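Asker: Following this message is one structure expressed as structure tokens.
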Amino acid sequence: MKAITIPTPGGPEALVLSDVDAPEPAAGEVRIKVAAAGVNRADVMQRMGHYNPPPGMTEIPGLEVSGVIDAVGDDVSGWVVGDQVCALLVGGGYAEQVTVPAGQVLPVPQGVDLVDAAALPEVTSTVWSNVFLTANLQPGETLLVHGGSSGIGTMAIQLAREVGARVAVTAGTQDKLDVCRELGADILINYREQDFVEELAKATDGHGADVILDNMGAKYLPRNVEALATAGRLVIIGLQGGVKGELDINTLLRKRGAVIATSLRARPVAEKATIVAAVREHVWPMVADGRVRPIVHSRHPLAQASAAHAEMEASTHIGKILLVP
2 MKAITIPTPG GPEALVLSDV DAPEPAAGEV RIKVAAAGVN RADVMQRMGH
52 YNPPPGMTEI PGLEVSGVID AVGDDVSGWV VGDQVCALLV GGGYAEQVTV
102 PAGQVLPVPQ GVDLVDAAAL PEVTSTVWSN VFLTANLQPG ETLLVHGGSS
152 GIGTMAIQLA REVGARVAVT AGTQDKLDVC RELGADILIN YREQDFVEEL
202 AKATDGHGAD VILDNMGAKY LPRNVEALAT AGRLVIIGLQ GGVKGELDIN
252 TLLRKRGAVI ATSLRARPVA EKATIVAAVR EHVWPMVADG RVRPIVHSRH
302 PLAQASAAHA EMEASTHIGK ILLVP
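Here my numbering is used: the sequence shown runs in plain steps of one and ends on residue 326.
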């Protein structure tokens with residue numbers, strides 16, 4: 002089959018379309034003929050040599066796909082050849098076929114195009130596991146989402162809106178903020194021109210954010226802690242702003258706050274299956290009835306994966322970027 006490999010880490014040109022052996026499903030796995038693969042920041046980090054897959058896992062990038070099941074391994078129930086699905090992966094999505102544990106597979110939601118369904122597994126699993134299962138966002142609370150126009154951001158806005166939370170976002174252009182508003186964001190902050198701590202304080206009468214979903218890491222750590230409400234929860238899911246920051250423990254103590262760092266890729270299969278089951282139970286009904294939808298910015302042929310990565314690094318996109326074999 003055709004797949005994207007990374008012979009030598011580097012820029013977008015490091016992504017090479019190669020011929021590789023097609024995978025065979027092991028016990029408990031299904032194989033998916035890929036209709037589309039989602040492009041994520043983690044893929045960019047892997048391409049640069051900063052985010053290797055867990056030991057023993059495929060080195061082909063790609064953390065989510067949609068497609069049709071074309072083979073089923075032993076000890077799999079609930080899935081048959083021909084099912085239209087999408088799936089959360091540990092890797093391998095930038096390919097014509099991929100195998101995945103059956104517990105990480107989801108049906109394509111009613112009303113969603115098969116290709117566009119590739120935009121759902123990673124963002125829904127990330128947002129639901131972090132904002133709701135870990136940070137326990139409640140109706141009436143305020144959620145601050147950094148990078149509100151990203152794939153994760155656009156999903157976080159919609160899900161928080163649906164549970165009755167107030168949503169604040171940061172983004173770098175008015176066009177991006179306008180989309181965030183259309184999706185349900187209440188507080189719009191242009192991080193290039195405004196200080197998000199000050200703007201959030203103004204908009205919440207000094208209350209701050211009950212939950213912050215942060216993709217920046219070190220760069221925003223001190224200000225994120227300052228922006229927390231009493232008993233607020235800061236969840237760090239990315240390192241775009243560096244890996245080492247200064248934590249003001251006195252401020253954190255006074256606010257009785259929590260700083261939580263999580264990742265999804267390296268979790269055990271059973272934990273991922275639990276998250277995917279929760280997504281299917283809680284998020285899929287919202288998608289099926291149109292209250293929540295995937296936001297797809299562009300589609301690129303698999304052979305032009307380098308162009309997709311260049312687009313992501315330019316940060317001109319809103320929502321998800323997809324690769325189509």
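All C-beta atoms in this analysis are idealised placements derived from N, C-alpha and C, irrespective of residue type, glycine included. Computed from a predicted model, the values in this text were never measured in an experiment.
1. I need the DSSP call for His-208, collapsed to helix, strand or coil.
2. Using the Cβ count rule (16 or more neighbours within 10 Å means buried), how would you classify Thr-78?
3. Below 8 Å on the Cβ atoms is my contact criterion, and I expect Pro-13 with Ala-311 to pass it. Report the Cβ-Cβ distance as a whole number of Å.
4. Given a cut-off of 8 Å, decide if Ile-296 and Thr-155 are closer than it, judged by their beta-carbon atoms.
5. Determine the closest residue to Asp-249 out of Ala-36, Leu-229, Pro-8, Thr-127, with distance taken between C-alpha atoms.
6. With DSSP run on the structure shown, which of helix, strand or coil describes Gly-329?
7. On the criterion of 16 or more Cβ atoms from any shown chain inside 10 Å, does His-51 qualify as buried, or is it exposed?
8. Any contact between the segment 84–96 and the segment 217–236? By contact I mean 3 or more CB pairs, one from each, below 8 Å.
9. Among residues of its own chain, excluding the 5 on either side of Gln-85, which ones have a beta-carbon nearer than 6 Å to its beta-carbon?
10. Please determine, among Glu-314, Asn-131, Met-58, Ala-306, the residue with the shortest C-alpha to C-alpha distance to Val-236.
11. Does the segment 121–129 touch the segment 271–286, meaning 3 or more C-beta pairs lie closer than 8 Å?
12. Look up Thr-6 in the DSSP assignment and say whether it is helix, strand or coil.
13. Measure the C-alpha to C-alpha separation of Glu-65 and Thr-317 and round it to an integer number of angstroms.
14. Using 10 angstroms around the beta-carbon of Gly-141, count the other beta-carbons present and answer buried if the total reaches 16, otherwise exposed.
15. Would you kindly check if the distance between the Cβ of Gly-152 and the Cβ of Ala-120 is under 8 Å?
16. Between the Cα of Gly-83 and the Cα atoms of Pro-102, Arg-42, Ala-103, Lys-34, which residue gives the shortest distance?
17. Could you tell me how far apart the beta carbons of Asp-211 and Asn-225 are, in whole angstroms, since I believe they sit closer than 8 Å?
18. Do you know whose CA, among Arg-257, Val-277, Met-2, lies nearest Arg-266's CA?
19. Express the C-alpha separation of Pro-56 and Val-270 in angstroms, rounding to a whole number.
20. From Gln-195 to Pro-102, what does the alpha carbon distance come to, in whole angstroms?
21. Smallest Cα separation from Ala-43: which of Glu-60, Val-17, Ala-36?
22. If you run the structure through DSSP and keep just helix, strand and coil, what is His-318?
23. So what's Arg-48 in DSSP terms, helix, strand or just coil?
24. So, at 7 Å on beta carbons, what are the nonlocal neighbours of Gln-111 in its own chain, with the 5 sequence-adjacent residues on each side left out?
25. Identify whether Gln-105 lies in helix, strand or coil by the three-state DSSP scheme.
26. Taking the runs of the beta strand (DSSP E) that are 3 residues or longer, which of them lie wholly in the segment 54–125?
27. Measure how close the beta-carbons of Ala-309 and Val-99 come, nearest whole angstrom, since I'm counting them as under 8 Å.
28. Do Ala-169 and Ile-188 come within 8 Å of each other at the CB atom, strictly closer than that value?
29. With DSSP as the reference, identify every bridge partner of Gly-39, one or two as the case may be.
30. Entirely within the segment 226–276 and at least 4 residues each: give me those alpha helix (DSSP H) ranges in chain order.
31. Which residues in the same chain as Leu-138 place their Cβ atom closer than 8 Å to its Cβ, once the five residues preceding and following it in sequence are excluded?
32. Counting along the chain, where does the alpha helix (DSSP H) carrying Asp-176 start and finish?
Answerer: Taking the geometry as given:
1. To locate residue 208, count along the sequence shown from 1; it is residue 207. Of the three classes helix, strand and coil, the one that applies to His-208 here is coil, per DSSP.
2. On the sequence shown, position 77 is the one that residue 78 refers to. For the sequence presented, residue 78 should be read as Ser rather than Thr. Looking at its Cβ environment, which holds fewer than 16 other Cβ atoms inside 10 Å, Ser-78 is exposed.
3. Along the sequence shown, one-based indexing puts residue 13 at 12. Along the sequence shown, one-based indexing puts residue 311 at 310. Yes, they are in contact, since the Cβ atoms of Pro-13 and Ala-311 sit about 5 Å apart, within 8 Å.
4. For this step, residue 155 is matched to residue 154 along the sequence shown. For this step, residue 296 is matched to residue 295 along the sequence shown. Judged by their CB atoms, Thr-155 and Ile-296 are nearer to each other than the 8 Å cut-off.
5. In the sequence shown, the residue the question calls residue 249 occupies position 248. Ranking the options by Cα distance to Asp-249, first place goes to Leu-229.
6. Only positions 2 to 326 of the chain appear in this structure, which leaves residue 329 out of reach.
7. Taking the first residue of the sequence shown as 1, we reach residue 51 at position 50. Burial call: exposed.
8. no
9. Your numbering for residue 85 matches position 84 in the sequence shown. Excluding sequence positions up to five before and after Gln-85, its CB lies within less than 6 Å of the CB of Val-69, Val-109, Leu-115, all in the same chain and listed in chain order.
10. By one-based count along the sequence shown, residue 236 stands at place 235. Out of Glu-314, Asn-131, Met-58, Ala-306, Asn-131 has the C-alpha closest to the C-alpha of Val-236.
11. yes
12. For the purposes of this step, residue 6 is identified with residue 5 of the sequence shown, where counting begins at 1. The answer is strand: DSSP assigns Thr-6 an E or B state.
13. Residue 65 sits at position 64 when you count from the first residue of the sequence shown. Residue 317 sits at position 316 when you count from the first residue of the sequence shown. Each residue's alpha carbon lies about 21 Å from the other.
14. In the sequence shown, residue 141 corresponds to position 140, counting from 1. Classification for Gly-141: exposed.
15. Translated into the one-based positions of the sequence shown, residue 120 becomes position 119. Translated into the one-based positions of the sequence shown, residue 152 becomes position 151. Contact flag set, yes.
16. Position 82 of the sequence shown, counted from the start, is the residue given in the question as residue 83. Per the Cα distances, Lys-34.
17. The residue labelled residue 211 in the question sits at position 210 within the sequence shown. The residue labelled residue 225 in the question sits at position 224 within the sequence shown. Between Asn-225 and Asp-211 the Cβ distance is about 13 Å, and since that is not below 8 Å, they are no contact.
18. Taking the sequence shown and counting its residues from 1, one reaches residue 266 at position 265. Cα-wise, what sits closest to Arg-266 is Val-277.
19. As a first step, residue 270 is located in the sequence shown; it is residue number 269 there, counting from the start. As a first step, residue 56 is located in the sequence shown; it is residue number 55 there, counting from the start. Between Val-270 and Pro-56, the C-alpha separation is close to 14 Å.
20. Taking the first residue of the sequence shown as 1, we reach residue 195 at position 194. Taking the first residue of the sequence shown as 1, we reach residue 102 at position 101. Rounded to whole angstroms, the gap between the alpha carbons of Gln-195 and Pro-102 is 44 Å.
21. The residue labelled residue 43 in the question sits at position 42 within the sequence shown. Here the closest residue by C-alpha is Glu-60.
22. In the sequence shown, the residue the question calls residue 318 occupies position 317. Coil, per DSSP.
23. If you number the sequence shown from 1, residue 48 lands on position 47. It is helical.
24. As a position in the sequence shown, residue 111 is number 110, starting the count at 1. Around Gln-111: Ala-289.
25. The residue you call residue 105 lines up with position 104 of the sequence shown. Gln-105 falls in the helix class under three-state DSSP.
26. 65–73, 85–89, 98–102, 106–108
27. Within the sequence shown, the letter at position 308 stands for residue 309. Within the sequence shown, the letter at position 98 stands for residue 99. Between Val-99 and Ala-309 the Cβ distance is about 17 Å, and since that is not below 8 Å, they are no contact.
28. In the sequence shown, counting from the first residue as 1, residue 188 sits at position 187. In the sequence shown, counting from the first residue as 1, residue 169 sits at position 168. Result yes, Cβ atoms of Ile-188 and Ala-169 sit closer than 8 Å.
29. Counting from one through the sequence shown, the residue named residue 39 turns up at place 38. Bridge partners of Gly-39: Leu-323.
30. 250–256
31. On the sequence shown, position 137 is the one that residue 138 refers to. The answer, listed in chain order, is Val-132, Leu-144, Ala-161, Val-164, Ala-166, Asp-211, Val-212.
32. For the purposes of this step, residue 176 is taken as the residue at position 175 of the sequence shown. Where Asp-176 is concerned, the enclosing alpha helix (DSSP H) stretches over 175–184.
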